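Peer 1:
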Amino acid sequence: MIRAYIGFGSNLGNGRELVLSAWSRLAIPEKIVLHKLSSFYITEAVGLVSQSLFTNAVGEVETDLQPLELLHLLLEVEKEHGRQRDVGAAGYQDRTLDLDLLYFGATLYSTPELTLPHPRIADRLFVLVPLAEIAPEFQDPVTGITVKSMVQQLILQIAQGRMPPQSVLQEEIPSSAVVPLNGWGKTSLND
Numbered sequence: 695m696i697r698a699y700i701g702f703g704s705n706l707g708n709g710r711e712l713v714l715s716a717w718s719r720l721a722i723p724e725k726i727v728l729h730k731l732s733s734f735y736i737t738e739a740v741g742l743v744s745q746s747l748f749t750n751a752v753g754e755v756e757t758d759l760q761p762l763e764l765l766h767l768l769l770e771v772e773k774e775h776g777r778q779r780d781v782g783a784a785g786y787q788d789r790t791l792d793l794d795l796l797y798f799g800a801t802l803y804s805t806p807e808l809t810l811p812h813p814r815i816a817d818r819l820f821v822l823v824p825l826a827e828i829a830p831e832f833q834d835p836v837t838g839i840t841v842k843s844m845v846q847q848l849i850l851q852i853a854q855g856r857m858p859p860q861s862v863l864q865e866e867i868p869s870s871a872v873v874p875l876n877g878w879g880k881t882s883l884n885d
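Going by the numbering used here, the sequence shown opens with residue 695, and the numbers climb by one from there.
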C-alpha cells in the first residue's frame, strides 16, 4: 500500500458537504483506506477570477491502486459530484469539486495526463496549509523539503512580494481530522 495525498477544492455549492461526500466515496475496501482529512480552509480563488470562495482540504489515504488508476477514480468522483469540465475554456474555471493527486508516496511520474508530485504545490497555500496540518514532516520527493518548511518558504515569498497574496482561513475540523498545528489556522497574508 502506498500513502497518497489528495487535494480537495470546491467553490460551487456546499463545499463542506461536497468534500465530505467525496472523501467518503474514496473509501474502497481492499483498494483505498482513508487515514486523515484536514480541517476545511476557506480561500480566495488563485489563478482564476471568481466571486466565489473556495472550500479546501487535504486527505491522506493508503492505496494499492496505481497512480493513473487513482487519478481516474478522482476524475470519476468529481463527475459524480457535478463537475463539468469545459474543454474549450481557457484557464481555470469555477467547480463543484476538484480533486488533485498531490503526492503518491515518493513516486516521480510525468505523462501528459499526470505529473507527480503535483507541479504547483509549492505555490499554493490552500494546498500546503491543510497538508501541513496532517503531514508536516512529509518530505517532497523532488526537493527533500518538508511540507512545514514549504509553508514557511511560501509565506516568506508572499511577504517579500515575490508571490501574490493568498489568504487561508481555517473554518472547521471534520471528525476524521487530526488536531491542527499551532499557527496554521486563521492565516491571512493579504496585509
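For glycine and all other residues, C-beta sits at the position ideal for the given N, C-alpha and C. Note that this is a predicted model, so its numbers are computed, not measured.
#1: Start and end of the alpha helix (DSSP H) containing Glu827?
#2: Alpha carbon to alpha carbon, how far is Ala816 from Pro858?
#3: Looking at C-beta atoms only, is the number of pairs between the stretch 723 to 731 and the stretch 751 to 763 that lie closer than 8 Å three or more?
#4: Would the stretch 717 to 724 and the stretch 838 to 847 be scored as touching if the rule is three or more Cβ pairs under 8 Å?
#5: Could you tell me how far apart the beta carbons of Leu802 and Val841 are, in whole angstroms, since I believe they sit closer than 8 Å?
#6: What's the C-alpha gap between His775 and Leu791?
#7: Just tell me which of Val771, Val823 and Leu850 has its CA closest to the CA of Phe734.
#8: By alpha-carbon positions, which one of Glu807, Leu850 and Ser746 ends up nearest to Arg789?
#9: Counting only the same chain and skipping the five closest in sequence on each side, list residues whose C-beta sits under 6 Å from that of Asp794.
#10: Quick check on Leu767: buried or exposed, where buried means 16 or more other Cβ atoms within 10 Å of its Cβ?
#11: Compute the Euclidean distance between the alpha carbons of Leu825 and Phe798, then round it to the nearest angstrom.
#12: Can the beta-carbon of Gly707 be found closer than 9 Å to that of Phe748?
Peer 2: Answer, in terms of the structure:
#1: One-based indexing of the sequence shown puts residue 827 at position 133. Element bounds for Glu827: Leu819 to Ile828.
#2: Counted from its first residue, the sequence shown places residue 816 at position 122. Counted from its first residue, the sequence shown places residue 858 at position 164. Taking the straight line joining both Cα atoms gives about 13 Å.
#3: yes
#4: no
#5: Here residue 802 is taken as the residue at index 108 of the sequence shown, counted from 1. Here residue 841 is taken as the residue at index 147 of the sequence shown, counted from 1. That pair is no contact at about 17 Å.
#6: Numbered from its first residue, the sequence shown carries residue 775 at position 81. Numbered from its first residue, the sequence shown carries residue 791 at position 97. The alpha-carbon atoms of His775 and Leu791 are separated by roughly 7 Å.
#7: In the sequence shown, the residue the question calls residue 734 occupies position 40. Here the closest residue by C-alpha is Val823.
#8: The residue given as residue 789 occupies position 95 in the sequence shown. The candidate whose alpha carbon is nearest that of Arg789 is Ser746.
#9: By one-based count along the sequence shown, residue 794 stands at place 100. Cβ neighbours of Asp794 beyond the five flanking positions: Gly701 and His812.
#10: Locating residue 767 in the sequence shown gives position 73, where the first residue counts as 1. Looking at its Cβ environment, which holds 16 or more other Cβ atoms inside 10 Å, Leu767 is buried.
#11: Mapped onto the sequence shown, residue 825 falls at position 131. Mapped onto the sequence shown, residue 798 falls at position 104. Rounded to the nearest angstrom, the gap between the Cα atoms of Leu825 and Phe798 is 13 Å.
#12: Counting from one through the sequence shown, the residue named residue 707 turns up at place 13. Counting from one through the sequence shown, the residue named residue 748 turns up at place 54. For Gly707 and Phe748, no; Cβs fall outside 9 Å.
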